[in-house]
Amino acid sequence: MQCNILQTHLIPEPFLCGASYGLGILRTTLENNRLERERCTSPIIYIKFFMTSVIALKLSDCKEKYVVLFFYPLHFTFVWPMEIIAFSDHAEDFCKLGCEVLGISVDSQFTHLAWINNPQREGDLGPLNIPLLAKVTRGLSEDYAVLKTDAGIGCPSQITVNDLPVGRSVFEALQLVQAFQYTEEHAEVCPAVWKPGSDTIKPNVDNSKEYFSKHN
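In UniProt numbering, the protein residues as written are 1 to 216.
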């Protein structure tokens with residue numbers, strides 16, 4: 001199957017399709033009258049996987065697709081690179097389902113580029129298979145209620161909203177409670193797909209590299 005996941009991405013401002021906060025799984029079956037309401041006066045941009053160009057996105061590019069939309073607060077932090085890399089590692093799986101994966105922060109395309117150009121073993125991203133959207137005006141984060149307004153940075157929220165035909169995962173909820181309890185007790189952070197007994201990350205520049213060098 002030809003997967004062109006990095007070529008036809010779309011996020012408007014504000015996004016008109018409805019989603020959860022923090023992580024949204026959207027079904028964008030848009031009718032013509034909804035497309036006519038498209039508002040794209042400030043197109044969001046992203047760095048393509050080969051890091052040579054910046055692309056403006058339009059709502060119609062996403063028609064008839066699923067979109068996984070995830071926010072993270074800032075570049076060069078500790079837990080978020082592991083989540084971004086995990087999504088990137090599974091980009092082909094999402095692509096086979098006709099689903100786009102988009103990461104969003106309040107950083108610029110220039111800091112996206114810097115983070116991608118640094119190796120994973122240093123706690124950075126390295127090359128990715130998904131695009132990162134740059135929205136320094138923070139409007140999209142405000143629309144999804146994931147902006148810490150006093151600091152001007154993203155504030156991830158774990159809220160899921162499911163349509164009626166799909167039940168929520170009890171196992172995922174249990175894993176999240178375990179992870180939140182662990183971080184409160186130990187003052188460490190849990191990477192993506194963490195389970196009790198797995199390695200965690202010490203949230204400072206020097207000690208965090210112990211985890212990154214071991215797992216990348």
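We treat Cβ as the ideally placed atom computed from N, Cα and C, and that holds for glycine.
- Comparing alpha carbon positions, the residue from 83, 114 and 118 closest to residue 102 is 83.
- The DSSP-derived three-state label of residue 72 is coil.
- If you compare the alpha carbons of 100, 114 and 121 with that of residue 213, the shortest gap goes to 121.
- Secondary structure note for residue 95: its alpha helix (DSSP H) is the uninterrupted segment 91-96.
- Between the stretch 189-196 and the stretch 171-181, the count of C-beta pairs closer than 8 Å reaches three or more; the two stretches touch.
- Here the C-alpha atom of residue 89 lies approximately 11 Å from the C-alpha atom of residue 127.
- For residue 169, no alpha helix (DSSP H) segment is defined, and its DSSP state is neither H nor E.
- Around the beta carbon of residue 119, a 10 Å sphere encloses fewer than 16 other beta carbons of the protein chains shown; the residue is thus reported as exposed.
- Contact between residue 71 and residue 104 holds, since their C-beta atoms are separated by about 5 Å, short of 8 Å.
- The C-alpha of residue 85 is placed about 7 Å away from the C-alpha of residue 125.
- Per DSSP, residue 101 lies in no alpha helix (DSSP H); the unbroken beta strand (DSSP E) holding it starts and ends at 99-105.
- Counting along the chain, residue 206 sits inside the alpha helix (DSSP H) bounded by residues 205-215.
- Excluding the 5 residues flanking it on each side, residue 94 has same chain C-beta neighbours closer than 6 Å at 101, in chain order.
- Cβ contact annotation for residue 192 (same chain, cutoff 7 Å, sequence separation greater than five): 82, 83 and 86, in chain order.
- Looking at the DSSP output, residue 182 sits in no beta bridge, so it has no partner there.
- Comparing C-alpha distances from residue 64 to each of 99, 91 and 73 shows the shortest one belongs to 99.
- Annotated as proximal: residue 66 and residue 97, with beta-carbon spacing under 9 Å.
- For residue 130 against residue 91, the beta-carbon gap comes to about 5 Å, under 8 Å, which counts as contact.
- As computed with DSSP, residue 193 is found in no beta bridge at all.
- Minimum Cα-Cα distance from residue 69 among the listed residues 132, 110 and 111 corresponds to 132.
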